[in-house]
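**Q** Sharing a structure here in structure tokens format.
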Amino acid sequence: MTSTVTVKSETGRKIEFLEAVRGVASFIVVLQHLIAAEYPAFEDFSRQWVDAGRVGVVAFFLVSGYVIPLSLQRQDTRTFLVRRLYRLFPLYWLVLGLMMLWVATTGDGELGGPLVIMANVLMVQGAVGIFTIVPTAWTLGIELIFYGQSLVAKLIGRLDRSVVMGYVWLAGFVAAAIAGRVLERELPWTLPLLLYTASLGHAVHLRDRDGSTAWRGLLVAGVVGVPLFTYLNGGQDAAWPPFDYAVSFLLGLGLFFAFYASRGAAHSRVLIWLGAISYAAYLLHPLAYRVVRAVDVPEGIVRVIAAIAVTLVVSWLVHRFVEVPFIGVARRLT
Numbered sequence: 001m002t003s004t005v006t007v008k009s010e011t012g013r014k015i016e017f018l019e020a021v022r023g024v025a026s027f028i029v030v031l032q033h034l035i036a037a038e039y040p041a042f043e044d045f046s047r048q049w050v051d052a053g054r055v056g057v058v059a060f061f062l063v064s065g066y067v068i069p070l071s072l073q074r075q076d077t078r079t080f081l082v083r084r085l086y087r088l089f090p091l092y093w094l095v096l097g098l099m100m101l102w103v104a105t106t107g108d109g110e111l112g113g114p115l116v117i118m119a120n121v122l123m124v125q126g127a128v129g130i131f132t133i134v135p136t137a138w139t140l141g142i143e144l145i146f147y148g149q150s151l152v153a154k155l156i157g158r159l160d161r162s163v164v165m166g167y168v169w170l171a172g173f174v175a176a177a178i179a180g181r182v183l184e185r186e187l188p189w190t191l192p193l194l195l196y197t198a199s200l201g202h203a204v205h206l207r208d209r210d211g212s213t214a215w216r217g218l219l220v221a222g223v224v225g226v227p228l229f230t231y232l233n234g235g236q237d238a239a240w241p242p243f244d245y246a247v248s249f250l251l252g253l254g255l256f257f258a259f260y261a262s263r264g265a266a267h268s269r270v271l272i273w274l275g276a277i278s279y280a281a282y283l284l285h286p287l288a289y290r291v292v293r294a295v296d297v298p299e300g301i302v303r304v305i306a307a308i309a310v311t312l313v314v315s316w317l318v319h320r321f322v323e324v325p326f327i328g329v330a331r332r333l334t
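Residue 44 in UniProt numbering sits at position 44 of the sequence shown, with consecutive numbering throughout.
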């Protein structure tokens, strides 16, 4: 969800399919959350059968897994760190500040104590299991772990070989699933699953770069292992029944690979635009919904449409006047 908007392939051609995936993934996350907020029956359906938000998150991590090694193979450590920091944090801090201001002035939401606030400022809340003030930002800390994994691998000269970490993370998911069943308690199995997913994206990048077949084993292991061990877990995660968890994961893979299969074709300018503003939209839409609800926009579909419109307009403005300028600063510094 935070991959650079102007990523180029090894031949200098823009990899448009990545932007298209991000555009679709972000939009379905927005739709899932806004519709579920207005229609409890839809939320119940999502919890039992398929959650479009989870579908989008899985697709996002595949994109990040593809892009981060691609960036690292062309950038030194300093360049990578500066560009990542300027890409992620300014926009995130803006949204975090706005959300904290909203909660403090309206009481609509929760802030937590100093530890919670510090974890959120550092963007690590999702990685350490701490409450997230910006509801969708829980994934960002997990993404930072993948950045760290890839950076360390580059520093020791093992960036390409680090793709095998996908099996390690998948094993972590399996271990958490089994332990959760034995202990009859919910364990943090989504973190290793998403890191496996990013590693699969890395393997797909290696396929495109030099014909590596590492992606095949990783893909098969996930397609077979995730549904199997989700069911063996027995639904210890009360919020995510096994069918929903497994199907949402598989559809996320399907979304990414459907666009990957057509990567040589031109993609809709609308999808590319949605991809460009996807990070902003992903972070901003929960706040946009709260604002729309607070000004008494009629309930139901009218409120959903209004929240989507506010999200898209504000996301474009933030992208244009915050995100892009800071990306430019990072490029000048490196």
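Cβ coordinates follow ideal geometry from the N, Cα and C atoms, glycine included.
The model shown is predicted, which means the values in this text are computed figures rather than measured ones.
Taking C-beta to C-beta, are Ser212 and Leu206 nearer than 8 Å?
**A** Contact: yes.
**Q** Between Gly222 and Val297, what straight-line distance do the alpha-carbon atoms span, to the nearest angstrom?
**A** The alpha-carbon atoms of Gly222 and Val297 are separated by roughly 43 Å.
**Q** Let me know if Pro286 comes out buried or exposed under the rule of 16 or more other beta-carbons within 10 Å of its beta-carbon.
**A** Pro286 comes out buried.
**Q** For the alpha helix (DSSP H) containing Ser64, list its first residue and its last residue.
**A** Note, Ser64: alpha helix (DSSP H), Ala52 to Leu72.
**Q** Which value, in whole angstroms, describes the spacing of the CA atoms of Gln236 and Arg47?
**A** Rounded to whole angstroms, Gln236 to Arg47 spans 14 Å at the Cα level.
**Q** What are the boundary residues of the alpha helix (DSSP H) that Asp210 is part of?
**A** Per DSSP, Asp210 belongs to the alpha helix (DSSP H) from Thr190 to Asp210.
**Q** Within 10 angstroms of its Cβ, does Ile156 collect 16 or more other Cβ (buried), or is it exposed?
**A** Exposed, by the Cβ-count rule.
**Q** On a Cα-Cα basis, can you pick out the residue from Thr77, Val310, Glu16 and Arg83 that is closest to Lys154?
**A** Of the listed residues, the one whose Cα sits closest to Lys154 is Thr77.
**Q** Excluding the 5 residues flanking Asn233 on each side, which residues of the same chain have their C-beta closer than 6 Å to its C-beta?
**A** Ala177, Gly180 and Arg181, listed in sequence order.
**Q** Pull up the distance between the alpha-carbon of Asp210 and that of Asp160, whole angstroms please.
**A** Near 11 Å, if we compare the C-alpha coordinates of Asp160 and Asp210.
**Q** Enumerate, from N- to C-terminal direction, the unbroken alpha helix (DSSP H) stretches of 4 or more residues contained entirely within the segment 19–48.
**A** Correct list: 40–48.
**Q** Go through its chain and collect everything with a Cβ distance to Leu195's Cβ below 7 Å, but skip five positions before and after it.
**A** Closer than 7 Å at the Cβ level, and outside the excluded window around Leu195, lie Ile142, Ile145, Phe146 and Trp169.
**Q** Does the distance from the C-beta atom of Val134 to that of Met99 stay below 8 Å?
**A** Yes; because the gap between Cβ atoms is below 8 Å, this pair is in contact.
**Q** What whole-angstrom Cβ distance do Leu255 and Val82 have, given they're in contact under 8 Å?
**A** No, Leu255 and Val82 are not in contact; Cβ-Cβ is about 31 Å, not under 8 Å.
**Q** Is it buried or exposed, Ile277, if we count other Cβ atoms within 10 angstroms and call 16 or more buried?
**A** Answer is buried; the Cβ neighbour count reaches 16.
**Q** Using only the alpha-carbon positions, how far apart do Ala330 and Val314 sit?
**A** Their backbone Cα atoms lie some 23 Å apart in a straight line.
**Q** Identify which residue in Ile301, Ala294, Tyr167 and Ala265 has its Cα closest to the Cα of residue 335.
**A** Lying outside 1 to 334, the shown extent of the chain, residue 335 is not represented and no answer is given.
**Q** Between which residues of its own chain and Tyr245 is the CB-CB distance below 6 Å, once the five residues before and five after are set aside?
**A** Hits under 6 Å: Thr230.
**Q** Ignore the nearest five residues each way along the sequence and tell me which others in Val324's own chain have a CB closer than 6 Å to its CB.
**A** Nothing listed; no residue qualifies.
**Q** Measure the alpha-carbon distance for Tyr167 versus Gly264 and round it to whole angstroms.
**A** Answer to the nearest angstrom: the Cα atoms are 29 Å apart.
**Q** What are the start and end residues of the alpha helix (DSSP H) that includes residue 363?
**A** An answer regarding residue 363 cannot be provided, because it is not within the stretch 1 to 334 covered by the chain.
**Q** Keeping to the same chain, check which residues put their C-beta closer than 6 Å to that of Val174; ignore five residues upstream and five downstream.
**A** Taken in chain order, the residues that qualify are Phe229.
**Q** Counting only runs that start and end within the segment 245–311, where is the alpha helix (DSSP H) found for 4 or more residues in a row?
**A** Segments of the alpha helix (DSSP H) lying fully in the segment 245–311: 269–276 and 278–294.
**Q** Do you know how far the Cα of Ala171 is from the Cα of Val318?
**A** If I take the Cα positions, the gap works out to 39 Å.
**Q** If you drop the 5 nearest sequence neighbours on each side, which residues of the same chain put their C-beta closer than 7 Å to that of Ala214?
**A** For Ala214, where only same-chain residues beyond five positions count, the Cβ hits under 7 Å are Val163, Ala203 and Leu206.
**Q** Could you round the C-beta distance between Leu274 and Val95 to whole angstroms and report it? I think they count as a contact, below 8 Å.
**A** The Cβ separation is near 18 Å, so there is no contact.
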